[in-house]
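These notes concern the structure reproduced below.
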Amino acid sequence: MTDFDAIWRAQDEIRTIVNAVCGECIWNLSYNPHRMAIELELTKTLSEEDINILINQFPLPVDYDGVGSKGSRFTFYL
């Protein structure tokens, strides 16, 4: 069974960290039930240094997935 409360808390935490580090630049933040992960896409493409700075702020395991249709993409595993 999916724990939606934990997903919503994680999304709030991700949103707060992204807004603090990069400003308000979230294009998409959604849960993917097939991957059992939260997917994030920004409205801008980050440099390698900025990607590392952002990733190091998260308490959740996160992978950089490259550039999507709008900007940098990340996957957070619950």
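In our numbering, the protein residues as written are 407 to 484. For each residue, glycine too, the CB sits at the ideal point set by N, CA and C.
- The criterion of a C-beta distance shorter than 8 Å is satisfied by residue 427 and residue 459.
- 449 is the residue among 449, 442 and 455 whose C-alpha sits nearest the C-alpha of residue 475.
- Rounded to the nearest whole angstrom, the CA to CA distance from residue 481 to residue 455 is 18 Å.
- Looking at the backbone, the Cα of residue 468 and that of residue 484 are separated by about 9 Å.
- Under DSSP, residue 432 takes part in a beta bridge, and its partners are 448.
- Close CB contacts of residue 473 within its chain, under the 8 Å cut and outside five residues either way in sequence, are with 451 and 479 (chain order).
- One Cα belongs to residue 423, the other to residue 410, and the distance between them is close to 20 Å.
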